Amino acid sequence: MREQKPMSIIDSIRRQVTPIHPEGYIFIASFGVAALILGSFFSPLGWIGAIATVWCVYFFRDPVRHTPVDDTLVVSPADGVISSIGYFIPPPELGLGVEPLQRISVFMSVFDCHVNRAPVAGRIVKIAYKPGLFLNADLDKASEDNERNGIVIETAGGRFGVVQIAGLIARRIVCFVRQGESLGAGDRLGLIRFGSRVDVYLPGVARSLVTIGSKAVAGETVLAELRSSAGKRVFKAS
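As numbered in this note's numbering, the sequence shown has no gaps in its residue numbers, which increase by one up to the final residue, 1451.
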């Protein structure tokens, strides 16, 4: 029998601390330096800068998620609130046709985790970036007018569209994946800075399981299913 080594104090602390995504390092460092400089001139400004630095650390958190391993389920691509459910014509750059598809939108506030995840397992067949405006991402017309990055994932159940939409404050969409790459449900696919929205376009066989106003957790909350019943679920950590 293999002897198990005792866990060190450092390993124990690491298990309790939520990881920070590398995209946030430069921002956290910048906020921290600004706090030190401001504090050297006027102490209250330094404290305000310190609070802003702590918020920046919180914003760029990248927690482990436990995603159900089931090809019939569609999980949320983002943390936030379900802001819209309905049938809409997908953005033309996705190539998903001109007929309305069921769309579920997740709005992310500046306090939500902004690491986006794949809603389904499949192969990326298209990535399309489109520049645009920076309207409030909670508005319906933001899907048409705002800067966005669209990802089409091909699965056995059809093609899914995932659209990262910049918001009123967000000015940068980051995409981690490439065309032709295969993803598992819950895998990280991108990040949006600071407050925004993600739309998921579903094929006709999908059935929504959420309601407007409900809270969604990226990689864990089930948004829809591709059949009415499912067997015992298995989960993966990512």
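Note that beta-carbon positions come from the ideal geometry of N, C-alpha and C, so glycine has one too.
Keep in mind the model is a prediction, meaning the values are calculated, not measured.
- With a contact defined as Cβ atoms closer than 8 Å, V1333 and V1287 qualify at about 6 Å.
- L1422 sits in coil when the DSSP states are folded into three classes, being neither helix nor strand.
- Put simply, the stretch 1364–1373 does not touch the stretch 1425–1436. Fewer than three CB pairs are less than 8 Å apart.
- With a cut-off of 8 Å on Cβ pairs, the stretch 1303–1314 is not in contact with the stretch 1403–1410, counting fewer than three such pairs.
- Put simply, the backbone Cα of E1438 is about 16 Å away from that of A1431.
- L1396 is bridged by DSSP to G1335.
- Of D1275, G1259, V1323 and W1260, the smallest CA-CA separation from T1231 is found for D1275.
- At a cut-off of 3 residues, the continuous stretches assigned as beta strand (DSSP E) that sit fully inside the stretch 1244–1321 are 1279–1281, 1286–1288, 1293–1301 and 1314–1321.
- For Y1414, the number of other beta carbons within 10 angstroms of its own is at least 16, and it is reported as buried.
- About 20 Å separates the beta carbon of I1337 from that of E1360, a gap too long to meet the 8 Å contact definition.
- Secondary structure note for L1404: its beta strand (DSSP E) is the uninterrupted segment R1401 to R1406.
- In this structure, DSSP gives E1433 a state outside helix and strand, which the three-state scheme calls coil.
- By the Cβ neighbour-count rule, G1399 is buried, with 16 or more other Cβ atoms within 10 Å of its own.
- In the three-state scheme derived from DSSP, where H, G and I count as helix and E and B as strand, F1240 is classed as helix.
- Selection D1283, T1285 and R1316 evaluated against S1297 yields R1316 as nearest (Cα-Cα).
- Distance from F1244 to H1327 at the Cβ level is roughly 16 Å; contact not present, criterion being Cβ atoms closer than 8 Å.
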